[in-house]
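Asker:
Protein chains: 2
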Amino acid sequence: MITLKQDHSTLVVLSVLADGPSYGYAISKAIAARSEGHFKLTASGMYPLLTKLEKQGLVTTSWEEVKAEGADPESSGRKRKWYDLSPKGHKQLAKHIEAHRQMQSLIDAFVSPTTTHGTTA
Amino acid sequence: MITLKQDHSTLVVLSVLADGPSYGYAISKAIAARSEGHFKLTASGMYPLLTKLEKQGLVTTSWEEVKAEGADPESSGRKRKWYDLSPKGHKQLAKHIEAHRQMQSLIDAFVSPTTTHGTTA
DNA sequence: TCCGGATATATCCATTCTTGATACATAATT
DNA sequence: AATTATGTATCAAGAATGGATATATCCGGA
Chain A
3 MITLKQDHST LVVLSVLADG PSYGYAISKA IAARSEGHFK LTASGMYPLL
53 TKLEKQGLVT TSWEEVKAEG ADPESSGRKR KWYDLSPKGH KQLAKHIEAH
103 RQMQSLIDAF VSPTTTHGTT A
Chain B
3 MITLKQDHST LVVLSVLADG PSYGYAISKA IAARSEGHFK LTASGMYPLL
53 TKLEKQGLVT TSWEEVKAEG ADPESSGRKR KWYDLSPKGH KQLAKHIEAH
103 RQMQSLIDAF VSPTTTHGTT A
C-alpha cells in the first residue's frame with residue numbers, strides 16, 4: 003500500500019478528473035481501484051489538495067445534495083462537493099504528464115543497467 | 003533544473019555509489035552530469051541524506067586528506083569524507099529500484115491513454 | 001432498535017522535509 | 001588580490017505528511 007505524496011497525488015487526481023467530474027470520496031476510491039489497491043490517498047491528503055487545485059483554478063466546484071432513497075424532500079441529506087477539470091486544469095495535467103515522463107527517463111539513466119556514463123573510450 | 007526530493011535523491015545517490023565509493027561534492031557533480039544538467043542535489047539536501055544513509059548502515063565512511071600539488075607534507079589540506087555502499091546498501095538500492103519500477107507502472111495506469119478502467123462490458 | 005461500517009467532508013498537529021542562506025576552510029584561476 | 005571552485009556542514013522558516021479527530025448521514029444486520 004503506497005500512500006501518495008503531493009506530486010503524484012496531483013497527477014493522479016487530475017487524471018481521474020480527466021474522465022469526468024467527481025468528488026473527494028469517489029476520487030479516493032477510484033485511485034484505489036485503478037491502482038488495484040496499491041495506491042492510497044487519505045482524506046487528510048485529498049481535501050487540502052482539492053482545495054489547492056480549486057484555488058489554482060485547475061478545477062471548478064459545485065455542491066450537490068445527496069438524497070436518500072424515498073427520503074423526505076424537505077430533509078437535507080448529505081452533501082457532495084463536485085470537482086470538474088477546467089481548461090487550465092487540462093493543460094496542467096498535460097504538463098504534469100510531460101514532467102513525469104521526463105523524470106522517468108532521467109531516473110532511468112541512473113537505474114537502468116546500461117552503464118554508459120563515464121569515459122567509455 | 004529539477005531539484006531532487008529525498009525519495010529520488012536516495013535512489014540516485016545509491017545508484018551513483020553502486021559504481022564505486024565517492025564523496026558528497028563528487029556525487030553532486032555526478033548527478034548533474036549523468037542527468038545532463040537536469041538534476042540538482044544541493045549541499046543542504048546531500049549531507050543530511052548521506053548522514054541518514056550512514057546511520058541506516060547503507061554506507062560505510064572514511065576520511066581522506068586531500069593533498070595539494072607539491073604541498074608541504076606537514077600542512078593539513080582539505081578533507082574528503084568517502085562513502086562506500088555496504089551490502090545492506092546494495093540490497094536497499096535493489097528495493098528502491100523495484101519500488102520505482104512498480105510506481106512507474108502504476109502511474110502509467112492513470113497517465114497512459116489506454117483508458118481500460120471502468121465497465122468495458 | 002441499536003450498532004457498526006460505509007459514505008462524505010474537513011481540520012488538527014506533531015513530526016518530518018525542504019531549501020536558500022550561512023559558516024568555515026583550502027585550492028585554483030584570473 | 002579577488003573570484004571561483006572545492007569540500008563539508010548546519011540553521012531556520014516554511015511546507016508537507018498522515019494518523020487522529022470531529023461531524024453528520026445512510027444502510028444493513030442482529
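So the protein lines, in turn, are chains A and B. Using my numbering, you'd call the opening residue of the first sequence number 3 and step up by one each time. Using my numbering, you'd call the opening residue of the second sequence number 3 and step up by one each time. Glycine included, C-beta positions come from ideal geometry on N, C-alpha and C.
1) Applying the criterion that 16 or more other CB atoms from any shown protein chain within 10 Å of the CB defines a buried residue, is B/G91 buried or exposed?
2) Since I believe B/H102 is in contact with B/L16 (beta carbons under 8 Å), could you give me their beta-carbon distance rounded to a whole number of angstroms?
3) Alpha carbon to alpha carbon, how far is A/K7 from A/A34? Give it in angstroms, no decimals.
4) Which residue marks the beginning of the alpha helix (DSSP H) containing A/D9, and which one marks its end?
5) From which residue to which residue does the alpha helix (DSSP H) around B/S46 run?
6) Do B/L43 and B/Y85 have their C-beta atoms within less than 8 Å of each other?
7) Expressed to the nearest angstrom, what Euclidean distance is found between the alpha-carbon atoms of A/S30 and A/E66?
8) Figure out for me which residue from B/I4, B/P89, B/S37, B/E56 has the closest Cα to the Cα of B/G26.
9) Taking the C-alpha atoms as reference points, what is the distance between A/R80 and A/S64?
10) In chain B, what lies closer than 8 Å to A/I109 by C-beta?
11) Look up B/L87 in the DSSP assignment and say whether it is helix, strand or coil.
12) Would you kindly check if the distance between the Cβ of A/L13 and the Cβ of B/I4 is under 8 Å?
13) The beta strand (DSSP E) spanning A/S64 covers which residue range?
14) Cutting at 7 Å between CB atoms, please list the residues of its own chain near B/T62, excluding the five before and the five after it.
15) I believe B/Q94 touches B/L60 by the beta-carbon criterion, under 8 Å. Please report the beta-carbon distance rounded to the nearest angstrom.
16) Looking at chain A, which residues of the region 35-48 of chain B have a Cβ within less than 9 Å of any of its Cβ atoms?
Answerer: According to the structure data:
1) Here residue 91 of chain B refers to the residue found at position 89 when the second sequence is read from its first residue. By the 10 Å Cβ count, B/G91 comes out buried.
2) Here residue 16 of chain B corresponds to residue number 14 of the second sequence, with the count starting at 1. Here residue 102 of chain B corresponds to residue number 100 of the second sequence, with the count starting at 1. B/L16 to B/H102, Cβ: 11 Å. No contact.
3) As a working note, residue 34 of chain A is residue 32 in the first sequence. As a working note, residue 7 of chain A is residue 5 in the first sequence. If I take the Cα positions, the gap works out to 14 Å.
4) As a working note, residue 9 of chain A is residue 7 in the first sequence. Element bounds for A/D9: 8-19.
5) Position 44 of the second sequence, counted from the first residue, corresponds to residue 46 of chain B. Per DSSP, B/S46 belongs to the alpha helix (DSSP H) from 45-57.
6) In the second sequence, counting from the first residue as 1, residue 43 of chain B sits at position 41. In the second sequence, counting from the first residue as 1, residue 85 of chain B sits at position 83. Not a contact, by the Cβ cut-off of 8 Å.
7) Your numbering for residue 30 of chain A matches position 28 in the first sequence. Your numbering for residue 66 of chain A matches position 64 in the first sequence. If you take the alpha carbons of A/S30 and A/E66, they lie about 18 Å apart.
8) As a working mapping, residue 26 of chain B is identified with position 24 in the second sequence. That would be B/E56, whose Cα lies nearest to the Cα of B/G26.
9) Here residue 80 of chain A is taken as the residue at index 78 of the first sequence, counted from 1. Here residue 64 of chain A is taken as the residue at index 62 of the first sequence, counted from 1. If you take the alpha carbons of A/R80 and A/S64, they lie about 14 Å apart.
10) Within the first sequence, residue 109 of chain A is the residue found at index 107, counting from 1. H10, L13, V14, H102, listed in chain order.
11) On the second sequence, position 85 is the one that residue 87 of chain B refers to. Here B/L87 sits in strand by DSSP.
12) Locating residue 4 of chain B in the second sequence gives position 2, where the first residue counts as 1. Locating residue 13 of chain A in the first sequence gives position 11, where the first residue counts as 1. In this structure, A/L13 does not lie closer than 8 Å to B/I4 by Cβ.
13) Position 62 of the first sequence holds residue 64 of chain A. Where A/S64 is concerned, the enclosing beta strand (DSSP E) stretches over 61-68.
14) Here the question's residue 62 of chain B lines up with position 60 in the second sequence. Around B/T62: D86, S88.
15) Start at 1 with the first residue of the second sequence, and residue 94 of chain B comes out as number 92. Start at 1 with the first residue of the second sequence, and residue 60 of chain B comes out as number 58. That belief holds up - the Cβ atoms of B/Q94 and B/L60 are roughly 5 Å apart, short of 8 Å.
16) A35, R36, S37, E38, H40, F41
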